[in-house]
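In the numbering used here, the protein residues as written are 6 to 269.
Spelled out as C-alpha cells, the structure:
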C-alpha cells in the first residue's frame with residue numbers, strides 16, 4: 006500500500022515530465038512530525054494529519070520553485086531537497102520519537118468485509134489517479150506537457166502551472182504514504198523513508214512510464230509495484246542483503262529504460 010500510493014504520485018509527475026527523489030524525505034519527515042504532534046492523544050490526530058499534509062504541500066512548492074524558477078534539473082533539484090530533508094530529520098532525532106493515538110492504528114490494523122483497510126486505501130488511490138489521468142482536463146494536460154512542452158505551450162496550456170500541480174500531487178501522495186506508515190510503525194522512526202525514492206521510480210518505470218514524460222499509466226504502475234513487492238519478499242526470504250537488493254533494483258531500472266528506448 007505504501008509503495009503503491011507514493012508510486013502513483015510519481016507516475017503523474019513523470020508523465021508531466023518531472024521526477025521526484027525527495028519523496029523519501031517527505032515520508033521520513035512526515036512520520037516524525039505526525040508522531041511528535043500526536044503524542045498518543047486522540048484529540049491531536051486531526052492536527053497531526055493536517056500538519057503532515059501541509060508538509061507535503063510545502064515540499065512540493067520547494068521542488069517546483071527549484072525546477073521551474075531556478076531552472077535546476079528535476080533529478081538534481083529533488084536530490085538536493087531529499088538530502089536536506091534527511092539532514093533535518095536526523096538533526097531532529099536519531100531514535101524513534103512520539104507515538105500515535107490508539108484509534109489511529111485502525112489504518113493499518115483495521116479491516117472491513119474481511120479485507121484490510123490498507124487495501125481499500127490503495128484501491129481508492131488507484132481510482133482517483135485513474136480518474137485524474139483519463140477523465141479530467143488536467144490529466145490530458147499532464148500528457149501534453151510531458152510529451153511536448155513546446156506544442157502544449159503553443160496550444161495555450163500553462164506548462165509551468167501544470168508542472169507545479171504535478172509536483173504538489175507527488176509530494177502530497179508522499180505525505181499520505183507517511184501517514185499510513187506512521188500507523189504501521191506506531192512511532193516516529195527516522196529510519197522509515199529511505200529507499201522509497203528508488204522503489205517508486207523502479208515501479209513506475211517498469212510499469213511503462215517514460216523518464217522523458219508524456220507516456221505511462223496507473224495500471225502499469227500497479228503492476229510494477231506488485232513486481233517490486235514480490236521481488237523484495239523473495240530476496241528477503243533468501244536473506245539477500247539490502248545492498249544487493251538495491252543493485253538488483255538498479256539493474257531493473259536500466260533494463261526497463263533500455264527496453265523503452267529500443268521500442269520507441
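Think of the CB as a built atom: it goes at the ideal place given N, C-alpha and C, for glycine as much as any other residue.
As assigned by DSSP and simplified to three states, the class of residue i
i: residue 237; result: helix
i: residue 105; result: coil
i: residue 116; result: strand
Nearest candidate by alpha-carbon position, reference residue i, set the options
i: residue 8; options: 29, 188, 133, 160; result: 29
i: residue 270; options: 49, 211, 79; result: Because the chain spans 6 through 269 in this model, residue 270 falls outside it and cannot be assessed.
i: residue 82; options: 197, 240, 154, 24; result: 24
i: residue 203; options: 163, 259, 246, 244; result: 259
i: residue 66; options: 6, 172, 47; result: 172
i: residue 39; options: 31, 87, 54; result: 54
i: residue 127; options: 243, 113, 213; result: 113
i: residue 5; options: 123, 170, 176, 162; result: This structure cannot settle anything about residue 5, because the visible part of the chain is limited to 6 through 269.
i: residue 69; options: 264, 252, 175; result: 175
i: residue 111; options: 187, 89, 217; result: 187
i: residue 120; options: 198, 264, 256, 6; result: 6
i: residue 216; options: 91, 148, 131; result: 148
i: residue 261; options: 239, 236, 208, 84; result: 208
i: residue 181; options: 61, 159, 44; result: 61
i: residue 240; options: 253, 230, 229; result: 253
i: residue 200; options: 192, 109, 233, 134; result: 233
i: residue 256; options: 206, 224, 223, 243; result: 206
i: residue 90; options: 177, 250, 134, 64; result: 64
i: residue 170; options: 159, 76, 137, 92; result: 137
i: residue 59; options: 141, 177, 145, 140; result: 177
i: residue 1; options: 230, 101, 74, 144; result: Limits of the chain in this structure are 6 at one end and 269 at the other, which puts residue 1 out of reach.
i: residue 44; options: 154, 155, 192, 141; result: 192
Cβ-based neighbour list, residue i, same chain, cut-off 7 Å, excluding 5 preceding and 5 following
i: residue 195; result: 33, 37, 94, 95, 98, 99
i: residue 79; result: 23, 24, 72
i: residue 150; result: 21, 22, 157, 162, 164, 167, 168
i: residue 87; result: 26, 27, 29, 30, 202
i: residue 42; result: 49, 52, 53, 56
i: residue 226; result: 12, 13, 16, 208, 209, 212, 214
i: residue 197; result: 32, 33, 36, 186, 190
i: residue 125; result: 117
i: residue 230; result: 8, 9, 12, 208
Residue span of the alpha helix (DSSP H) that contains residue i, given as start and end
i: residue 54; result: 50-69
i: residue 91; result: 79-97
i: residue 160; result: Here residue 160 belongs to no alpha helix (DSSP H), and DSSP marks it neither H nor E.
i: residue 145; result: 142-152
i: residue 273; result: Nothing can be reported for residue 273: it is not among the residues displayed for the chain, which extend from 6 to 269.
i: residue 47; result: No alpha helix (DSSP H) holds residue 47; DSSP gives it neither H nor E.
i: residue 16; result: 7-20
Cβ shell of residue i (< 8 Å), same chain only, five flanking positions each side left out
i: residue 46; result: 106
i: residue 160; result: 149
i: residue 221; result: 16, 19, 20, 209, 212, 213, 214, 215
Short CB-CB distance (under 8 Å) between residue i and chain B
i: residue 91; result: The structure shown has no chain B; it contains just one protein chain.
Sequence-distant residues of the same chain with beta carbon closer than 6 Å to residue i, five excluded per side
i: residue 152; result: 219
i: residue 134; result: 13, 223
i: residue 115; result: 122
i: residue 146; result: 162, 167
i: residue 84; result: 26
i: residue 10; result: 130, 178, 181, 182
i: residue 139; result: none
i: residue 250; result: 240
For the stretch 166-221, list the alpha helix (DSSP H) runs that are entirely contained and at least 4 residues long, ordered along the chain. 201-211
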